[in-house]
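Asks: Residue numbers (the numbering used here), protein chains in the order written: chain V, 651 to 917; chain P, 141 to 422. For glycine and all other residues, C-beta sits at the position ideal for the given N, C-alpha and C. Okay, handing you the structure first.
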């Protein structure tokens, strides 16, 4: 039932991208997103597309999986396209009643659609190739300078990894409780909105209790093993840049430089 | 109302690389009024199997018949099936949610659309059947002890007056006293009402004393399906799949090997005592 939902999916494969340091992938994702807004010409988007396609190819993740992530944002994409299409002022091409499609509108709509879908696919390359744990590890390391401003970097990272860790557990729990209540004749599907909301009580109360119980147990288990926050805490496997990470940074810098050049030379 | 499983197959996450073949060609007939023990190691498919019996899981292959009707037929009333085949999940106390014990037990019969009076009568009778004292009826279910919570949860299913009662590991996490109390209560209930009871467990010790038939599951298939005496004869094979016969079986086997002429098919301590005394008198 509910367990079929895949969330924050990590796709197991043996590829160069999988092996990269999470910091590289985080930086690369941010750079890629920025680059999408730096370039404004079709040449630029061609370069971005080639770069993205190369990354997908290298990651060995089937393209089908990437597109799966797109399904969720189709609606947002559509709204953006429609708004840009009709509400951009400029040279009128077609006019139906109050709505005018302008040349600039078409340009913007297509550009926004390309930008958004590249953005989603680009960031899903990261989530598909990085385990949630190494992702939070990378974030913790990258955000370390913020400690100067008293940002509790380690604690935030720990909370994130615990939250991610609990998603599958709570999904499984929800599935179990749902089944148990269905076995007692509960009905989660039929009825109007109010009836449906009421039907959630037998599911939510046990779920919350179980979440609190698990959180309590986890806190106790962490304290039993002397967890005391980020102070003086060392890692068993500290993140270390390898040769391929330096190469990746090089490739990334080259890509970004190309994007900036395109911005300057192609208007 | 017998349950028939005909070539039932079930595969988890069928279309992905994570596919698990949880049930393989399971054929079973569960006649009325039997007391059955369903035994298997963790991951043997026993929990998956019982969820098929009340239609919570649809088999990927094969059919399940309840009272002669295919439970996955288009027009079959699953809600009614679930009131007839009561399933108590593992750690059922984790599903309690109402403000007091009595209201929680009322949840099942209320969902069946019964009148308020009938609902309350059934809830009261169910709570009595599991041996819970009146003084707990209007307490919050979360204030009770583990054993009492479990009784309340079992009562919640019993209140629907099922013809078949399935209990998935009803003794998990209880101390020996709580375990014996729950099992004795179930045996008593079985005797009084004559309903079919299926006890799911991984412990032979627990069920040997009570049941008349044991179904052993291994890796998704039925390995043995016979009376306890017959099943325990295969104690060496059982050990190989991570199960064990009751301790008395081992004692009787050891006595026999060392020259005491006892029958080795005793399954309970009482029977063993009789057998040893008989052998000594000879």
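When you compare only the Cα positions, how much space is there between residue 395/P and residue 380/P?
Replies: Residue 395/P and residue 380/P: Cα-Cα distance of roughly 22 Å.
Asks: Listed from N- to C-terminal order along the chain, which residues in the segment 283 to 304 of chain P have their beta-carbon within a distance smaller than 8 Å of any beta-carbon of chain V?
Replies: Correct list: 296, 297, 300.
Asks: Thinking C-alpha only, which one of 760/V, 818/V, 906/V is nearest residue 732/V?
Replies: With distances taken between Cα atoms, residue 732/V lies closest to 760/V.
Asks: Taking the beta carbon of residue 916/V as the centre, do at least 16 other beta carbons fall within 10 Å, making it buried, or is it exposed?
Replies: So residue 916/V ends up on the exposed side.
Asks: Quick one: Cα of residue 253/P to Cα of residue 229/P, how far?
Replies: When rounded, the distance between both Cα atoms is 23 Å.
Asks: Is there a C-beta anywhere in chain P that falls below 9 Å from the one on residue 818/V?
Replies: No, because no Cβ of chain P sits closer than 9 Å to the Cβ of residue 818/V.
Asks: Does residue 844/V have its Cβ less than 9 Å from a Cβ in chain P?
Replies: Chain P contact via Cβ: absent.
Asks: Does any CB atom of chain V fall closer than 9 Å to the CB of residue 219/P?
Replies: So yes, residue 219/P belongs to the interface.
Asks: Name the DSSP beta bridge partners of residue 209/P, please?
Replies: In the DSSP output, where bridge partners are listed per residue, residue 209/P has 206/P.
Asks: Is the beta carbon of residue 295/P sitting closer than 9 Å to the one on residue 245/P?
Replies: Closer than 9 Å, so yes.
Asks: Between residue 337/P and residue 864/V, what straight-line distance do the alpha-carbon atoms span, to the nearest angstrom?
Replies: Answer to the nearest angstrom: the Cα atoms are 32 Å apart.
Asks: Could you name the residues that DSSP lists as bridge partners for residue 365/P?
Replies: In the DSSP output, where bridge partners are listed per residue, residue 365/P has 355/P.
Asks: How about residue 178/P: is its C-beta nearer than 9 Å to some C-beta of chain V?
Replies: Not one chain V Cβ lies under 9 Å of residue 178/P.
Asks: In chain V, which residues lie less than 7 Å from residue 235/P when you measure between Cβ atoms?
Replies: 827, 830, 831, 856, listed in chain order.
Asks: Closer than 8 Å by beta-carbon distance: list the chain V residues that pair up with residue 229/P, in chain order.
Replies: Under the 8 Å cutoff, chain V gives 826, 829, 830, 833.
Asks: Does the beta carbon of residue 196/P come closer than 9 Å to any beta carbon on chain V?
Replies: Closer than 9 Å to some Cβ of chain V, the Cβ of residue 196/P qualifies, so yes.
Asks: If residue 145/P and residue 166/P are in contact, beta carbons under 8 Å, what's the gap, nearest whole angstrom?
Replies: Right, the Cβ-Cβ distance comes to about 5 Å (below 8 Å), so this counts as a contact.
Asks: Assuming residue 176/P is part of the beta strand (DSSP E), what are its boundary residues?
Replies: Run containing residue 176/P: 175 to 180, per the beta strand (DSSP E) assignment.
Asks: At a CB distance below 7 Å, what residues from the segment 772 to 806 of chain V approach chain P? Give them in sequence order.
Replies: Residues: none.
Asks: List, in chain order, every chain V residue whose beta-carbon is nearer than 8 Å to that of residue 251/P.
Replies: Chain V residues near residue 251/P: 834, 835, 836, 837.
Asks: Mapping DSSP to helix, strand and coil, what is residue 909/V?
Replies: Residue state, collapsed to three classes: helix.
Asks: Can you tell me where the alpha helix (DSSP H) with residue 296/P in it begins and where it stops?
Replies: Residue 296/P -> alpha helix (DSSP H) spans 286 to 298.
Asks: The alpha helix (DSSP H) that contains residue 308/P, what's its start and end?
Replies: Here residue 308/P belongs to no alpha helix (DSSP H); instead the beta strand (DSSP E) covers 304 to 308.
Asks: Could you check whether the Cβ of residue 860/V sits closer than 9 Å to any Cβ belonging to chain P?
Replies: Answer yes: the Cβ-Cβ gap between residue 860/V and chain P drops below 9 Å somewhere.
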